[in-house]
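Colleague:
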Amino acid sequence: MSMIKRLLLIIVLSFAGVSGYMALFEDQFIYFPDRSLSSTPADFAMPFDERFIVTSDGISLHGWYMPVPSAQFTLLHFHGNAGNISHRLSLYRKWQAMGLSVYAFDYRGYGKSEGEPDEAGLYEDGRAVWTDLTLHLGLKPEEVIISGRSLGAAVAAMLATEVKAAGVVLETPFTSIPDMAAFHYPWLPLRWLVKTDFDVESLVKHIRLPLLIIAARDDAIAPSWMAEHIFNAAHALKMKIELSGGHNDFDHVSSQSYVAAWRKWIITLIKP
Numbered sequence: 000m001s002m003i004k005r006l007l008l009i010i011v012l013s014f015a016g017v018s019g020y021m022a023l024f025e026d027q028f029i030y031f032p033d034r035s036l037s038s039t040p041a042d043f044a045m046p047f048d049e050r051f052i053v054t055s056d057g058i059s060l061h062g063w064y065m066p067v068p069s070a071q072f073t074l075l076h077f078h079g080n081a082g083n084i085s086h087r088l089s090l091y092r093k094w095q096a097m098g099l100s101v102y103a104f105d106y107r108g109y110g111k112s113e114g115e116p117d118e119a120g121l122y123e124d125g126r127a128v129w130t131d132l133t134l135h136l137g138l139k140p141e142e143v144i145i146s147g148r149s150l151g152a153a154v155a156a157m158l159a160t161e162v163k164a165a166g167v168v169l170e171t172p173f174t175s176i177p178d179m180a181a182f183h184y185p186w187l188p189l190r191w192l193v194k195t196d197f198d199v200e201s202l203v204k205h206i207r208l209p210l211l212i213i214a215a216r217d218d219a220i221a222p223s224w225m226a227e228h229i230f231n232a233a234h235a236l237k238m239k240i241e242l243s244g245g246h247n248d249f250d251h252v253s254s255q256s257y258v259a260a261w262r263k264w265i266i267t268l269i270k271p
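Just so you know, numbering that gives the first Met the number 0 puts 35 at position 36 of the sequence shown, and the rest follows in order with no gaps.
1. In terms of residue numbering, what span does the alpha helix (DSSP H) encompassing residue 207 cover?
2. How many angstroms separate the CA atom of residue 53 from the CA atom of residue 166?
3. Under 8 Å by Cβ, that's how I've got residue 171 and residue 213 pegged, so tell me the actual separation to the nearest angstrom.
4. Is the number of C-beta pairs between the segment 216-226 and the segment 48-62 that are closer than 8 Å three or more?
5. Where does residue 44 fall in DSSP's three states?
6. Is the segment 65-83 touching the segment 117-137, taking contact as three or more C-beta pairs under 8 Å?
7. On a CA-only basis, which of 60, 97, 231 and 84 is nearest residue 69? Give me that one, please.
8. Examine the Cβ distances between the segment 94-109 and the segment 29-49 and report whether three or more of them are shorter than 8 Å.
9. Beta carbon of residue 143, beta carbon of residue 164: below 7 Å?
10. Express the C-alpha separation of residue 113 and residue 157 in angstroms, rounding to a whole number.
11. Are residue 206 and residue 159 closer than 7 Å when you measure CB to CB?
12. Could you give the DSSP three-state label for residue 82: helix, strand or coil?
13. Kindly identify the DSSP beta-bridge partner or partners of residue 77.
14. The beta strand (DSSP E) spanning residue 176 covers which residue range?
15. CB-CB under 7 Å to residue 111, same chain, minus the five flanking residues each way: which ones, in chain order?
16. Just verifying my parser: in three-state terms, what is the DSSP assignment at residue 239?
17. Exposed or buried, residue 89, counting other C-beta atoms within 10 Å across all chains shown (16 or more means buried)?
18. In angstroms with no decimal places, state the Cα-to-Cα distance between residue 169 and residue 210.
19. Can the beta-carbon of residue 202 be found less than 7 Å from the beta-carbon of residue 235?
20. How should residue 191 be labelled, buried or exposed, when 16 other C-beta atoms within 10 angstroms of its C-beta is the threshold for buried?
21. Tell me, please, which residues DSSP counts as bridged to residue 63.
22. CB-CB under 6 Å to residue 271, same chain, minus the five flanking residues each way: which ones, in chain order?
23. Which class does residue 172 belong to by DSSP, given the choice of helix, strand or coil?
24. Based on Cα-Cα distance, which residue from 198, 72 and 177 lies nearest to residue 28?
25. Which same chain residues, not among the five before or five after residue 47, have their C-beta less than 6 Å away from its C-beta?
26. Could you tell me which residues DSSP puts in a beta bridge with residue 167?
27. Which two residues bound the contiguous alpha helix (DSSP H) that contains residue 249?
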């Protein structure tokens with residue numbers, strides 16, 4: 000065998016090996032949970048109710064309900080793929096400053112929640128917390144805003160296709176996991192190998208709730224063109240805004256514009 004043929008064989012086998020490994024252990028490239036809570040709402044003088052919810056498949060989830068007196072809406076938040084709810088307390092405070100109560104929880108495998116994360120499981124988690132919020136806590140569906148960021152946008156989108164709510168907000172969403180795999184690893188055939196979908200672009204076609212999409216102009220993880228594709232696919236009453244900043248800091252870099260966008264959209268939800 001010539002040197003060139005050997006080199007080509009090595010390259011082909013290397014690509015196949017890397018692709019196979021990433022496809023076989025794809026969950027390690029999607030979920031980055033942290034089991035340890037770094038703080039609680041009490042550390043920020045925020046009144047809260049600690050929630051423990053059991054899903055339909057028997058997984059115990061942990062969350063916090065952080066009410067604001069006389070709030071017209073409660074925000075049900077689905078966080079991103081890394082860390083846990085304790086890392087988002089400054090964000091919860093920002094929403095509370097807008098007059099929103101906040102319900103935040105950890106997916107299975109994150110924080111104090113049991114189990115291991117996967118796509119079907121996260122969808123079940125969303126359904127379980129919706130039941131806790133509307134049945135056990137007694138909130139009316141029309142008083143709840145469903146909101147998800149990054150990976151959480153996919154879980155929020157799925158729930159928004161199944162329930163009636165005041166509206167849904169998708170922040171820095173990606174179109175789908177196959178699209179993300181192709182974007183981040185264009186030299187590998189991962190688009191055709193991954194088993195996880197989280198197909199937000201398809202899900203949003205079935206959402207009939209008022210929709211707000213927030214994209215980050217400098218997003219290197221879920222590029223803003225993905226948010227544009229999702230926005231174009233949606234048939235609901237919709238609004239989109241693109242803010243300066245990256246995937247994880249746009250709400251800090253563009254803090255005033257971020258709050259203004261939320262306030263402007265919430266006004267559209269308030270009936271005369």
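Even for Gly, the Cβ is constructed at its ideal location relative to N, Cα and C.
Modeller: In short:
1. Where residue 207 is concerned, there is no enclosing alpha helix (DSSP H), given that its DSSP letter is neither H nor E.
2. Cα-Cα distance, rounded: 25 Å.
3. Their Cβ separation, rounded to whole angstroms, is 7 Å, which keeps residue 171 and residue 213 in contact under 8 Å.
4. No, the segment 216-226 does not touch the segment 48-62.
5. Residue 44 falls in the coil class under three-state DSSP.
6. With three or more CB-CB distances shorter than 8 Å, the segment 65-83 counts as touching the segment 117-137.
7. The shortest Cα separation from residue 69 among 60, 97, 231 and 84 belongs to 97.
8. Flag = yes, the segment 94-109 and the segment 29-49 touch.
9. With respect to residue 164, residue 143 sits close: the two C-beta atoms are nearer than 7 Å.
10. About 21 Å.
11. Taking 7 Å as the cut-off, the Cβ atoms of residue 206 and residue 159 count as close.
12. Note: residue 82 maps to strand in three-state DSSP.
13. DSSP output for residue 77 lists 147 as bridge partner(s).
14. That residue, residue 176, is in no beta strand (DSSP E); its alpha helix (DSSP H) goes 176-183.
15. If we look at residue 111 and ignore the five residues flanking it on each side, its Cβ neighbours are 36, 61 and 105.
16. Under the three-state reduction of DSSP, residue 239 is assigned to strand.
17. Classification for residue 89: exposed.
18. Taking the straight line from one Cα to the other gives about 8 Å.
19. No; because the gap between Cβ atoms is not below 7 Å, this pair is not in contact.
20. Counting Cβ neighbours within 10 Å, residue 191 comes out exposed, since fewer than 16 surround it.
21. In the DSSP assignment, the residues bridged to residue 63 are 49 and 103.
22. With a pLDDT of only 49 at residue 271, under 50, the local geometry of the prediction cannot be trusted, and no value is derived from it.
23. Shown here, residue 172 sits in coil according to DSSP, grouped into three states, outside any helix or strand.
24. If we check each option's Cα against that of residue 28, 177 comes out closest.
25. Around residue 47: 40, 63 and 65.
26. Bridge partners of residue 167: 145 and 210.
27. Note, residue 249: alpha helix (DSSP H), 249-252.
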